[in-house]
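Engineer: Protein chains in written order, with the numbering used here: chain A, 1 to 534; chain B, 535 to 1036; chain C, 1037 to 1359; chain D, 1360 to 1633.
Just so it is clear, CB atoms sit at the ideal spot from N, CA and C, and this is done for glycine as well.
As the structure is a prediction and not an experimental result, all values here were calculated from the model.
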Amino acid sequence: MLQIRGLDIPLPGGGERRFAVRGLSLDVAPGELVCIVGESGSGKSLTARAVMGLLPDMGLRASAGTITFKGENLLALPQRRMEGLRGREISMIFQEPMTALNPLMRVGDQISELFRIHRSGFDKAERQRRVLSLLADLNLPDPARIAEAYPFEMSGGQRQRVMIAIAFALGPSLLIADEPTTALDVTTQMQILRVLKRLQAERGTAVIFITHDFGVVAEIADRVAVMWRGELVEQGPARAVLGAPAHAYTKALIDSVPRLSADARAERAAPTQPPVLSVAGLSKIFRVRKGMFGAERKVEALKQVSFTLHAGETLAVVGESGSGKTTLSRCIVRLMRPDAGRIDLFGEDMGQLAGGALRARRKAIQMVFQDPHGSLNPRIRVGPIIMAGPLAHGVKPAAARATAERMLGLVGLDAGAMDRYPHQFSGGQRQRIGLARALALEPLVLIADEPVSALDVTVQAQILDLLRDVREKLGLAMIFITHDLRVAGQVADRIAVMRQGEIVEEGTPAAIMGSARHEYTRQLVAAIPGRRLI
Amino acid sequence: QDTPKSGGTLRILVHPEPPHLVTALGQASGTVTIGGKVFESLLTFDFELNPKPGLAERWEVSADGLTYTFHLRPNAKWHDGKPFTSADVAFTTQEFLMKTHPRARGVFSRVAAVETPDARTIVYKLKEKFSPFLYAFELSGAPMMPKHLYEGTDFDKNPANEKPIGTGPFRFVAWKKGESLQLERNPDYYRQGRPYLDGISFHFIPDAAARTVAMEQGAVDQAQFDAVQFTDLERLRRNPALTVADKGQEFIAPLVLMDMNSRRPPFDDKRFRKALMHAIDRNFIKDRIFYGQGKVPTGPIASSTRNYDPKVATYPYDQEKAKALLDEMGLKPKADGTRADIKILALPYGDHWTRLAEYLRESFRRVGVRATVENTDPGNWIQRYTNWDYDIVYTFFYQYADPALGVGRTYLCSNVRKVFLANANGYCNQRVDDLFTAATAETDETKKQAYYSEIQRLITEDLPVGFLLELQFPVVMNKRLRDAITTAHGPNDAYADAWLAR
Amino acid sequence: MRLRYLLRRLAGGLLVVLLVIVFCFVILRLAPGDPAMIMAGESGASDEQFIADIRRSYGLDQPLPVQLAKYLGNVLQFDLGFSYRQKRPNAELIAERLPATLLLAASAFVLSLALGIVLGYLAARFRGLADAAVSIFSLAFYATPIFWIGLMGILVFSVQLEWLPAFGMRSILPVTGGWAKAADVARHLILPTLTLGLFYTAIYARLMRASLLEVRPLDFVATARAKGASIGRVWRRHMFRNAVLPVLTMAGVQAGQIVGGSILVETVFAWPGIGRLAFEAVFQRDYNLLLGIFLVTSTAVVAINIATDFIYTLVDPRTGPAR
Amino acid sequence: MTAAQRFRTNIAACIGLLILAAMVLLAVLAPVLYPTSPWEMAGEPYLRPLQGGYLLGTDMLGRDIAAGIAHGARVSLLLALVATAAGTLAGVLVGAVAGYFGGRIDELLMRATEFFQTIPSFLLAVVLVALFSPSISSIVAAIAVVSWPGVARLVRGQFLSLRQAEFVQASIVLGEPTHRVIFRQILPNALGPIIVTASLMVATAILLESSLSFLGLGDPDLMSWGYMIGASRNLIRDAWWMCTFPGVAIFLTVLAINLVGDGLGDALNPRLTS
Ligand SMILES: Nc1ncnc2c1ncn2[C@@H]1O[C@H](COP(=O)(O)OP(=O)(O)OP(=O)(O)O)[C@@H](O)[C@H]1O
Ligand SMILES: Nc1ncnc2c1ncn2[C@@H]1O[C@H](COP(=O)(O)OP(=O)(O)OP(=O)(O)O)[C@@H](O)[C@H]1O
Ligand SMILES: [Mg+2]
Ligand SMILES: [Mg+2]
Ligand code: NI
């Protein structure tokens, strides 16, 4: 039904490569679900947009090739005709559910707009009926209310369902979904994937599903196409590609996916020494006002959180977005003050410290941040960034420099990095620099807040390896925050599952994955995509 | 075409719009221009400043100069129909004006007793001889107020202020604030067949350029004082339908003086003050800044005022002489060419006064005196002037016909007071004081002239102030307005004789 | 909910107004210069007794806090005091001038907002020549001093072409008839409105353009395109509304500045409004009048800000009350 | 591309820079080109442009308008720069403190800012200058007083968001002292928008100064463009050149600064790099 042949999309001059997409050929049969995988920047989105005729208008256009849809070359179609196809024959879902809907329009209107645009001839009542039935089809509760709601009143998952409703409203033959679940929690992701799969099966729609997550691929794909630097390096039936990847790059990609093996590590012996860090009854309440005229709302970000951490141990904290993981880490490093509870570091209450004493104590507990772009000051060279910690704690510049170089070595960068600026490094390298900065103070506890979730799987695997390495070498105790149970299972000695500010369950990876006691934990585990295959 | 005709409404531009019309309560220029048509005094004065009948048809002065008797018009009435009597006069001068009018208070406090033998006669007995006494009975100096409306009230807040009742040829009709004010013909006016005009309307247009346009288009017939900008005079003069009056300010005779604070060095040195005078080209001021409206003065008394004497020391424009004087003082130019630093406190009453400050600064700079201009708002200006906080300040002084009234205040030792328009620069020459005292009491004209001639010579020699300009405020009229400017009060006069040609 | 918030905003606004009064009161009284002296000066001559009388009758002889307390007390009764310069109640003076300023400011506001939004829209939508033209237009008017635009307007349209009156709000010769009167005022209104309005038009055009360009790459725009909506529909129905909101907010904030800018325009065009009144009051050191003007204008600004906030919540569902 | 390179590709900004450079040059060379005081009544009054050897004519007292414009450039640019510096400094200080410490201090400072924004700014400037007598210092102070709130808000916003930036959090966790966090971590990253705002503020300051001078509230000893227009505005019907040329000078300068400021804004905003 869809045939892409030799598609070239050149990049405007000055980019890292000449073509965003190069010589891409791909077929999609009716009713088929094709996943395009590949790491960030490999050209997945541009391919999808080229099919829609919606390349971002900053001078990007297909320079060669054809995209044939039901016998017509989409690249040569007049604007009018293309508009007629969009939404009716080919529809698309975008990655960011929070911004993909018009914030000022009621959800129902956004769906029924489609009927107006394509002159379906439905009268008002008919349009309304169809909107409601579509919403009901997507398992949305109380469709009538949802239709009247504005996007801001809905959760991410709900919005993505509305997007799906829009995509399916006119029963298109082809649906393109560009990472539609990446921004969602695993449980929500699983629901969305199921709905999508069901509708696709029911209506016989062909789907191009773009993702970077092999778990998702394993879960839903009929066929897989792997992209690498703008080129399609491999394609084939899902099972074949996942089971026996032909291309080296595909192999590396699949190998990088954290295994769900619970057996990886021997159980650690029960600790004998007192814990390095113990947290008891930690609570934090945010008071927020929604909008200008909204009422004040209390968010209980942390409710009576307690745990202990022993030397050399890694505790993974898992939980969905908004469950309070970041709040927990910030309270521990005293970036914010908890409302109640105590945090003892070596038996000393951190809550009592302030000013100079607090600063001195910070040496012992350091942090690695999530965003490799945002966690390094773009205006300071790498050397000074790493040296800042030691210098702040009274180390002489020369010694601090030596430490910095040593730390760079430890994280696998050469000393030449010292004089460069952060933007001259890749995401993975930056994350290493962030780690080096934290380690330069020789802390006893390291808190890592989603340190790999912004990275591609291959890089992610390297960083996880590095972390394990360093932890072993330095005997660090670590709190590893993640929303990804696969990752947690790989790095942690123990996993704590958070939900709405509470730790609902704590246990070894094996226990959590295998025999969770808490219902929520079981849901989480069940929602991990591609469990059967990878 | 030259015989007066009755009828028509005269339209006059007034700017700024006055706060009220009661000339006895305040003498802002608009108040006098409009109020002068409603309220009258006992006398008016011709261009030579000779007294003419007003509300008084005759008057006598006793030989000893101490008793003044006025015979009032028999048929003068207030606009509300009540007769005008000597009781009104006595009330006005001894009660009303004593409370509200500092200048009148200065005159009438010299009165020992007032007698009103009958309703049409009033007799003033003075404590001592005071030759300028008659000049007090002029429309802005002693406007007559109705006793029956004001007696025993708070004059400032009397409701009659809103709808003024006078004796003049025109009666108040209505005032649309911010827009216009109407006066109508007083049918009961005591002069037969007067006034000619059916009424006068006054228009308030805040913008200067718009006023000029109004004059050019013939939308109004007259504009005077601040209603006309000096900068527009050239084009108005070129307009064949308009004329610019060259008479009618003899009574006030505004004289622009540059007050140099003699308390401060280097102004305490006469030579410095003289040097500054030589540095100024007063013809430039007259021609370029005031567009020819006036004359270069010779001394402290304006040429139209009584007892003027031109035979005095003069200070022609001469930079070399100025420099020589400064050299003589020991004020040699420093490396940057300056000899002294002084400040000019600019008069904040409009562009031309600002230009004058700029001109003075440049003139002084040319002879090596570096001046800086200080701009203030009127409040600050008055405050600093009255508190003697300035180097150089300039403003204009009304002469009020007799030197004793408008001139002496600037030079008398006895008037060195922290009061507005007193002797601020601190000049004190006992001889000058004595001469003024003698002249004020003198009724013999030749002797009086001798005193004043000596005063003028002394003051021009001592030069406490610089005499910049005998200013003639612009008064622009449409040529169809006739016989308007007939007295020394010019546009402030009652206009009983004015008429409109068709 | 909305009501309670509104009340809170109103209370906050009142506080700001109160602060404005106190602030102005204090700086005005601290500044050098004595109003009694000016009045004395005006009468041509003066003496100590006269000045003392004036001071007493206007309460200027009392300590500052007492004067302030009295003033506030009066304001609560809508009494803005008495102008000793103009010998009339301030409230009356202000009320007399306010309509002219409101007329001018409102027409300039409407003109600039409407024109600015349209121009910004055209520039962003059609780029190329339209964009260049609008950019040049807005840069030019943004960079030209308001008073100079006014003067050049007078020079060209009044002096040279004689199309429009240069000064004032009404013709010198009174016009009769309701419509004729309105038309007369309208003719006088054109140049001042353009002068005051074009500056803000420039601002709003720039804002609108930037706002649209900011909205353009957003996902929901792509969604709308993906639905098959034509480019025109996407711009009109989706982008416009989202882009115009920040412009409206900005306009609300600037409404007060327009009143400030009208001092200049009123000076140039002899427009009998509150801006000129303020300017005259400054020069005549008419404290109470000036205070009254500050009070009225800042109240207006606060009111406009609250109103825009409120309208904003009606237009933008996100800021509406929690349901 | 570096910011400088990006700036260089912006034609409008380059034109702006050129005009600005010319104005600065004029300002610097004014005493050489017109060695006598611009107040000097050099020639006949009311000379038209080119008449009597005066490039732009003379004014009502015979002062050379070209000389006035050259010397006015000094005044306008200098005053605007000083006022901007003062306003920016105050704004940065207030904004930084409010944004970094938040809470009650923020509340208080923002109330103050709001309060200053409630009074129509031009009215406030007029009153301040008039009350405290027109002079360089009162004009600079008045311009600074009305322009700091904008900067304060901007800086506060920057600080508020940068404070949450991970690199700032990192530096706090490292134990760096507060002043280092503020001045080394946050401020340099907030500098771009501050520079852009400040550059545009120079333009606004020139407009403000000229507006004040136009109303007769300029420093009486300084020849400024606004003064020239204000002094000759009543003569517009007889002598158009007197207020036209100074207006053109203001226009060009403000335009140039705006172009440069916009260019800087684009150049310093990495988001716009294609
Ligand atoms: N508007 C644009 N202008 C210029 N280059 C672009 C634009 N959009 C994308 N690119 C470049 O094109 C290449 C492919 O981008 P694309 O968005 O298709 O990647 P992707 O595979 O979807 O990545 P991700 O997983 O991060 O979404 C990248 O190198 C990107 O930098
Ligand atoms: N500064 C804040 N002000 C108000 N509410 C906050 C603030 N920080 C977090 N919250 C709220 O507290 C709750 C917990 O947030 P937190 O950032 O700790 O979640 P998280 O588990 O880290 O989520 P994510 O996976 O999205 O990073 C959320 O509901 C969030 O909206
Ligand atoms: Mg993508
Ligand atoms: Mg988080
Ligand atoms: Ni990057």
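Kindly examine ligand 2 and report whether one of its heavy atoms sits closer than 7 Å to the Cβ of phenylalanine 286/A.
Structural biologist: Within the cutoff, so yes.
Engineer: With distance defined between alpha-carbon atoms, name the residue in Thr906/B, Ala624/B and Lys868/B nearest to tyrosine 924/B.
Structural biologist: The shortest Cα separation from tyrosine 924/B among Thr906/B, Ala624/B and Lys868/B belongs to Thr906/B.
Engineer: Can you grab the Cα-Cα spacing for the pair valine 487/A / glutamine 160/A, in whole Å?
Structural biologist: If you take the alpha carbons of valine 487/A and glutamine 160/A, they lie about 25 Å apart.
Engineer: Under the three-state reduction of DSSP, which class applies to glycine 1080/C: helix, strand or coil?
Structural biologist: With a pLDDT of 49 at glycine 1080/C, under the threshold of 50, the modelled position of that residue is not reliable, and no figure is offered here.
Engineer: So who's on the other strand from lysine 124/A, going by DSSP bridges?
Structural biologist: Answer is none; lysine 124/A lacks a bridge partner.
Engineer: Can you list, in chain order, the residues of the region 1484-1517 of chain D whose Cβ is nearer than 8 Å to any Cβ on chain C?
Structural biologist: So the close ones are Val1485, Val1486, Leu1487, Ala1489, Leu1490, Phe1491 and Ser1492.
Engineer: Does the beta-carbon of alanine 1018/B have 16 or more other beta-carbons within 10 angstroms, so that it is buried, or is it exposed?
Structural biologist: It is buried - the Cβ of alanine 1018/B has at least 16 other Cβ atoms within 10 Å.
Engineer: Can you tell me whether threonine 765/B is buried or exposed, with buried defined as 16 or more other CB within 10 angstroms of its CB?
Structural biologist: Buried is the call here.
Engineer: For a contact meaning CB atoms closer than 7 Å, what does glutamate 862/B contact in chain D?
Structural biologist: Those within 7 Å of glutamate 862/B in chain D number zero; the least Cβ separation is about 26 Å.
Engineer: Alanine 1105/C to threonine 1333/C, Cα distance in whole Å?
Structural biologist: Spanning the two alpha carbons is a distance of roughly 21 Å.
Engineer: Determine the extent of the alpha helix (DSSP H) in which methionine 749/B is found, giving its start and end residues.
Structural biologist: Unbroken alpha helix (DSSP H) run through methionine 749/B: 742-751.
Engineer: Buried or exposed: asparagine 921/B, going by 16 or more other Cβ atoms within 10 Å of its Cβ?
Structural biologist: Per the 10 Å Cβ criterion, exposed.
Engineer: Please report whether the beta-carbon of alanine 558/B lies at a distance below 8 Å from any beta-carbon of chain C.
Structural biologist: No, its Cβ sits nowhere closer than 8 Å to a Cβ of chain C.
Engineer: Check the C-beta distance from arginine 302/A over to cysteine 331/A and give it rounded, since I have them as a contact under 8 Å.
Structural biologist: The question names arginine, but residue 302/A in the sequence shown is leucine. Rounded, the Cβ-Cβ distance is 7 Å, consistent with contact.
Engineer: Go ahead and pull the three-state DSSP assignment for asparagine 1369/D.
Structural biologist: In the structure shown, asparagine 1369/D sits in coil (DSSP, three-state: anything other than H, G, I, E or B).
Engineer: Between lysine 804/B and leucine 992/B, what straight-line distance do the alpha-carbon atoms span, to the nearest angstrom?
Structural biologist: Taking the straight line joining both Cα atoms gives about 13 Å.
Engineer: Closer than 8 Å, CB to CB, is alanine 757/B near chain C or not?
Structural biologist: By this cut-off, alanine 757/B is not an interface position.
Engineer: Please say whether leucine 789/B and phenylalanine 573/B have beta carbons closer to each other than 8 Å?
Structural biologist: For phenylalanine 573/B and leucine 789/B, no; Cβs fall outside 8 Å.
Engineer: Look up proline 587/B in the DSSP assignment and give the residues it is bridged to.
Structural biologist: Proline 587/B pairs with Leu577/B.
Engineer: Alpha carbon to alpha carbon, how far is phenylalanine 425/A from proline 12/A? Give it in angstroms, no decimals.
Structural biologist: Using only the alpha carbons, I get a separation of about 22 Å.
Engineer: Span of the alpha helix (DSSP H) holding leucine 466/A?
Structural biologist: It spans 457-474 - the alpha helix (DSSP H) in which leucine 466/A sits, taken as one unbroken run.
Engineer: Compute the beta-carbon to beta-carbon distance between proline 1408/D and aspartate 1418/D, rounded to the nearest angstrom, for a pair I have assumed lies under 8 Å.
Structural biologist: Proline 1408/D to aspartate 1418/D, Cβ: 12 Å. No contact.
Engineer: How about alanine 1489/D and aspartate 885/B: do their beta carbons lie closer than 8 Å?
Structural biologist: Not a contact, by the Cβ cut-off of 8 Å.
Engineer: Of all Cβ atoms in chain D, is any one closer than 8 Å to the Cβ of serine 375/A?
Structural biologist: At least one chain D Cβ lies under 8 Å of serine 375/A.
Engineer: What three-state label does DSSP hand serine 1633/D in the structure shown?
Structural biologist: The predicted model places serine 1633/D with a pLDDT of 35, which falls under 50 and marks its position as unreliable; any figure quoted below should be read in that light. Of the three classes helix, strand and coil, the one that applies to serine 1633/D here is coil, per DSSP.
Engineer: Just the chain D side, please: which residues come within less than 8 Å of threonine 872/B by C-beta, in chain order?
Structural biologist: Here the premise fails: no neighbours, minimum Cβ distance about 12 Å.
Engineer: For tryptophan 228/A, report the span of its beta strand (DSSP E) as first-last.
Structural biologist: Here the beta strand (DSSP E) through tryptophan 228/A covers 223-228.
Engineer: Does ligand 1 have even one heavy atom less than 7 Å from the beta-carbon of alanine 225/A?
Structural biologist: No.
Engineer: Assuming phenylalanine 1107/C is part of the alpha helix (DSSP H), what are its boundary residues?
Structural biologist: Checking the sequence, you will find tyrosine at residue 1107/C rather than phenylalanine. Where tyrosine 1107/C is concerned, the enclosing alpha helix (DSSP H) stretches over 1100-1112.
Engineer: How would you call aspartate 741/B, buried or exposed, if buried means at least 16 neighbouring beta carbons within 10 angstroms?
Structural biologist: It counts as buried.
Engineer: In chain order, what residues of the region 389-401 of chain A put their CB closer than 7 Å to some CB of chain D?
Structural biologist: Within the region 389-401 of chain A, the residues whose Cβ lies closer than 7 Å to some Cβ of chain D are Gly389, Ala392 and His393, listed in chain order.
Engineer: Within 10 angstroms of the Cβ of glutamine 1113/C, are there 16 or more other Cβ atoms? Answer buried if so, exposed if not.
Structural biologist: Exposed, because fewer than 16 other Cβ atoms sit within 10 Å of the Cβ of glutamine 1113/C.
Engineer: Is glutamine 160/A helix, strand or coil when you go by DSSP?
Structural biologist: Three-state result, glutamine 160/A: helix.
Engineer: Does the separation of the CB atoms of alanine 624/B and histidine 605/B fall below 8 Å?
Structural biologist: Contact flag unset, no.
Engineer: I need the boundaries of the beta strand (DSSP E) containing proline 10/A, first residue and last residue.
Structural biologist: Note, proline 10/A: beta strand (DSSP E), 2-10.
Engineer: Straight-line CA distance for glutamate 1302/C to valine 1619/D?
Structural biologist: Using only the alpha carbons, I get a separation of about 32 Å.
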